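To start, the structure under review is shown below, and the notes come after it.
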Amino acid sequence: MGQPCVEFSTSILTQIVVILMMGELLAVLTGLLAGTLTGIVPGAGVLVAMIIATPLLMGFDIIQLLLFYMSLASMVQFTGTIPAVYLGIPGETNSLPAVVEGTKFTKRAKAKLAIGISALGSVLGSLIAVLITFVLISVLINHVSMFFANTLKFYLYVFIIIFCLTVYNRGNILVNAPLCLLGFALSMPGESDITPGFRYTFGMEDMQFGVPLITVLIGLLIVPTAFSMLKYDIKRNIDADHNIPFKYTFFYFIRKCIPSSLRGSVIGYLCGFVPGVSTVLATNASYSVEKKLSKKTPARLLVASETANNSGQFASMLPLLLIGIPITGSEVVLYSLLVDAGWSPFQFDRVDLNAEIIFKTIVPWFVFANLVGLLVAWPLAKKTLAILSLPTKYMVVVLVASMLILNSYLGYIDYRLGFYSVCLIVFVITGYFLKKYETIPLIFMFILGNEIEAVFLRQWLI
Amino acid sequence: MKNIIIAIVLCCFASTTLAETITILNNGKVGGSFNARSQMYKDGLEARGFQVEFENIGKIGQAVKIFKETDKPTIMVYSTNQVYKQDLFHTQDNFVLLEYEQPMWICKTLDSLDKSGKVTVAHGKGYETDIIKKVLGTDIVLVPYKNSSAILNGILAGDVDAAVNNQGKSLKYEASGQGTCEASSVLPVMQATVIGKNIDVKQMREVLLAVTYDDKFANYHSSRKLARPTASAEQELQNINQKQKGWKIN
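Here's what the structure looks like:
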């Protein structure tokens, strides 16, 4: 009698596991697809991809959101190298060293070798990042309550503000300061983190729920991005490339690039924790160090920077995954989606659980995503690049239409369609005038403004 | 045979039309008490033959807006600490039941017990600060936090010497061994309720009261040490209208 019952329970359990795995696989595959497209489309980035995918992400649970983001961000590090090397166009902001060193290979019709060693270095960088985390995780968990301290958050946010003021728009504070202020002002209406009731609603009921995030992101981030996409005149010189065997590439990497790759992994991992810049800093710091060590070896320079990129990407997710502090623009958007999905990382008793999620759920899929990345960015690089054969103007039209539909859909389900539409018009016009500038400081301050205000007030009171 | 088939089909249609449809506005987020309670009411109503349309709103403000505008039979879990902020009060027309009530607690860190000078006190952004001063004295520095989880983290991280928090988070803090907590008889009491619209509130009260005695609900209440008052609907409403004044926003 007991046997069939056990079998029945096991079968149900198996089915539940299969369903959960399917949900996770769906999130990973969509993340990988989005990452492939984002990496090769010039000017696009993880942040833009997150915004475009919002309707899909709203239906995801917490684990699916984390897996989607992880797959997307990992894949972008792989595919961003393809246009950088073949076309001399940075797919992501952190692909600049790949542009400089990759084009040296392309001129000698050896782009495929550059792509291959970059992809191998990226996988190695990711695996080393996982290994370092595994060794250090218990130290992080034991000291995690210090991360809850208001003082720590205060200094972290001071750093982010200084970073926003001094890094973007060529460090022009006169441009960055008004952008930060505008972002902060937009974060004010609606509910505050420290005062009861609603504020700055100007008598509008719709304002009680604040300025819609999506309208700000579309108007002030996507619109300038779309204009920058129009600037590119993509010249394809793929056909001239030599066909270099995989075996040759693999042994070339083993013989010449391993030390650079290991150095890049460690430098990238450490830089990955720096708020706002993580992978950009990781790539450029590793590139600079390698330049001093292996001056005239483009392969080592390329591998060091690309390895650091992937290692830094994994490290940059840890503050968010462990203690709920987003440190990059795209993580801020992810954070807001996670909170909407019911995530509460600040729970005292959930840090162990967060660490468990990292190693039991995220890491296996992270390894899988890296293997797919290796495949897409190396043997399938030319086929991946064929997506760019679609004229840029059409891509922009598709992007604009998608954004309009997205805004209307989100406005409808938020019962504020009219308000969303008005905000979109206002921010698109503003975005047009800001098209020459990097608007990331504004986005940062808009999303984190309320939290920063609360942390600063508490620091003053304490 | 033909008649039997027609009869079966008619029975199916009849059962479908007889099943009462009700909307539950889930105004809580996963992991929160509003969400957990909404889910349990959904399960309980479905088990009693209701057809439940479960709408995940996630934000209390948005849910209240929909509640005010809806013309469908709808219920929603609610609490007295929200009434002034949301401008939605318990009335004879919308009040269904008082599910439980819990006092506010005051926790103090072990280090602060001997402290001289100003004491820093964490509190929720919506709490009436004058009452806190009445309880803890005027020589305190009030430090506002977004919600009960943030208050708990603040006191655990050593940001503050004391905290005014709800029962669940206070018991959690006590369990960490870093300080002591006690229930306050002066601070306002938080009452968890259910409100409804476009329904027969008396009939719904009977059904939902039965739901709250289901195992799931009973475990939920006992594990959190939540007190369940037993009184008539009129007495409960009177009790709520009296105690909710403590949550008035200045």
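Those protein sequence lines, which keep their order, are chains W and E.
First residue of the first sequence: 1, per the working numbering; consecutive thereafter.
First residue of the second sequence: 463, per the working numbering; consecutive thereafter.
From the three backbone atoms N, C-alpha and C, an ideal C-beta is built for every residue, glycine too.
Please read all numbers here as calculations on a predicted model, not as lab measurements.
Candidates the options: closest to residue i by CA position
i: K435 of chain W; options: W:W378, W:P319, W:N169 and W:L374; result: W:N169
i: G373 of chain W; options: W:V85, W:E24, W:I128 and W:V28; result: W:V28
i: A695 of chain E; options: E:E517, E:E668 and E:G708; result: E:E668
i: G639 of chain E; options: E:D573, E:G599, E:K678 and E:R499; result: E:D573
i: Q697 of chain E; options: E:Q513, E:Q554, E:N615 and E:L575; result: E:Q554
i: T483 of chain E; options: E:M666, E:Q704, E:I522 and E:N518; result: E:M666
i: V363 of chain W; options: W:L321, W:G210 and W:L337; result: W:L321
i: G431 of chain W; options: W:L32, W:V216 and W:L404; result: W:V216
Cβ distance (whole Å) where residue i is taken to contact residue j below 8 Å
i: I358 of chain W; j: N150 of chain W; result: The Cβ separation is near 25 Å, so there is no contact.
i: Q706 of chain E; j: V526 of chain E; result: Between V526 of chain E and Q706 of chain E the Cβ distance is about 15 Å, and since that is not below 8 Å, they are no contact.
i: L302 of chain W; j: G171 of chain W; result: Incorrect: roughly 27 Å between the Cβ atoms, too far for contact.
i: A637 of chain E; j: V581 of chain E; result: Actually they do not touch by this definition, with Cβ atoms about 23 Å apart.
i: A129 of chain W; j: Y287 of chain W; result: Their Cβ separation, rounded to whole angstroms, is 18 Å, which puts A129 of chain W and Y287 of chain W out of contact at 8 Å.
i: P298 of chain W; j: F105 of chain W; result: 7 Å
i: A34 of chain W; j: I194 of chain W; result: With 8 Å as the limit, A34 of chain W and I194 of chain W do not qualify as a contact, their Cβ atoms being about 36 Å apart.
i: S294 of chain W; j: G125 of chain W; result: Contact doesn't hold; Cβ gap of about 17 Å is too wide.
i: L334 of chain W; j: L65 of chain W; result: 7 Å
i: N310 of chain W; j: S122 of chain W; result: 4 Å
Residues near residue i by beta carbon distance below 8 Å, same chain, minus five either side
i: T201 of chain W; result: P189, G190, M207 and Q208
i: T655 of chain E; result: V539, Y540, S541, T542, H552, F557, V558, L559, L560, E561 and I702
i: S408 of chain W; result: L417, Y420 and S421
i: V583 of chain E; result: I594, L598, I602, V603, L604, V605, V622, D623, A624, A625 and V626
i: G342 of chain W; result: I62
i: G520 of chain E; result: N488, N489, G490 and K491
i: K710 of chain E; result: Y546 and E590
Proximal residues of chain E, C-beta to C-beta of residue i below 8 Å
i: I452 of chain W; result: None at all; the shortest Cβ gap to chain E is about 13 Å.
i: N150 of chain W; result: G616, A619 and D621
Length of the line joining the Cα atoms of residue i and residue j
i: L179 of chain W; j: E590 of chain E; result: 36 Å
i: A619 of chain E; j: I40 of chain W; result: 44 Å
i: N681 of chain E; j: K659 of chain E; result: 28 Å
i: G23 of chain W; j: L649 of chain E; result: 46 Å
i: A645 of chain E; j: K596 of chain E; result: 15 Å
i: L371 of chain W; j: T279 of chain W; result: 20 Å
i: T361 of chain W; j: Q313 of chain W; result: 17 Å
i: F250 of chain W; j: L47 of chain W; result: 33 Å
i: V673 of chain E; j: F679 of chain E; result: 8 Å
i: G641 of chain E; j: T571 of chain E; result: 4 Å
i: R199 of chain W; j: S192 of chain W; result: 7 Å
i: V85 of chain W; j: V99 of chain W; result: 6 Å
i: M317 of chain W; j: Q524 of chain E; result: 31 Å
i: R690 of chain E; j: Y635 of chain E; result: 23 Å
i: T38 of chain W; j: T30 of chain W; result: 12 Å
i: L181 of chain W; j: R255 of chain W; result: 52 Å
i: L633 of chain E; j: I115 of chain W; result: 56 Å
Proximal residues of chain E, C-beta to C-beta of residue i below 9 Å
i: G23 of chain W; result: Those within 9 Å of G23 of chain W in chain E number zero; the least Cβ separation is about 15 Å.
i: T215 of chain W; result: What T215 of chain W touches in chain E: nothing, since even the nearest Cβ is about 17 Å away.
Same chain, Cβ closer than 6 Å to residue i, five either side skipped, listed in chain order
i: K235 of chain W; result: At K235 of chain W the pLDDT is 49, less than 50, meaning the model places this residue with poor confidence; the figure from the coordinates comes in the next sentence. Nothing listed; no residue qualifies.
i: K227 of chain W; result: In the sequence on display, residue 227 of chain W carries Phe and not Lys. Only K435 meet the Cβ criterion.
i: L501 of chain W; result: Here chain W covers residues 1 to 462 and nothing more, so residue 501 of chain W does not appear.
i: T479 of chain E; result: Any reading at T479 of chain E must be qualified, since the residue scores a pLDDT of 42, below 50, and its modelled position is unreliable; no value is offered.
i: Y607 of chain E; result: A584, I613 and G616
i: V663 of chain E; result: V558
i: L550 of chain E; result: V526
i: L281 of chain W; result: C271 and V274
Other residues of its chain near residue i: CB distance less than 7 Å, five sequence neighbours each side excluded
i: T36 of chain W; result: M75, T79, V376 and T384
i: S500 of chain E; result: I486, N488, G490 and V539
i: V514 of chain E; result: I484, I486, K504, L507 and E508
i: K534 of chain E; result: T485 and N660
i: T439 of chain W; result: L179, L220, L221 and P224
i: N450 of chain W; result: S187, S192 and D193
Under 8 Å by beta carbon: chain W residues contacting residue i
i: A498 of chain E; result: Going along chain W, no residue has its Cβ under 8 Å from A498 of chain E, so there is no contact; the nearest lies around 11 Å.
i: Q524 of chain E; result: F209, D414 and Y415
i: T582 of chain E; result: L461 and I462
i: V603 of chain E; result: L461 and I462
i: K596 of chain E; result: What K596 of chain E touches in chain W: nothing, since even the nearest Cβ is about 18 Å away.
Interface partners of residue i on chain W, CB under 7 Å
i: I528 of chain E; result: Y415
i: P606 of chain E; result: I194
i: I588 of chain E; result: Note on residue identity: the sequence assigns Gly, not Ile, to residue 588 of chain E. Within chain W, the residues near G588 of chain E are P196.
i: G520 of chain E; result: D340
i: K659 of chain E; result: Chain W residues near K659 of chain E: none, gap ~16 Å exceeds 7 Å.
Within chain W, partners of residue i - CB distance below 9 Å
i: G599 of chain E; result: Neighbours of G599 of chain E on chain W: none; closest Cβ ~17 Å, over 9 Å.
i: K491 of chain E; result: V339, D340, A341, G342, W343 and S344
i: F570 of chain E; result: A small fix is needed here, since residue 570 of chain E is Lys in this sequence, not Phe. What K570 of chain E touches in chain W: nothing, since even the nearest Cβ is about 16 Å away.
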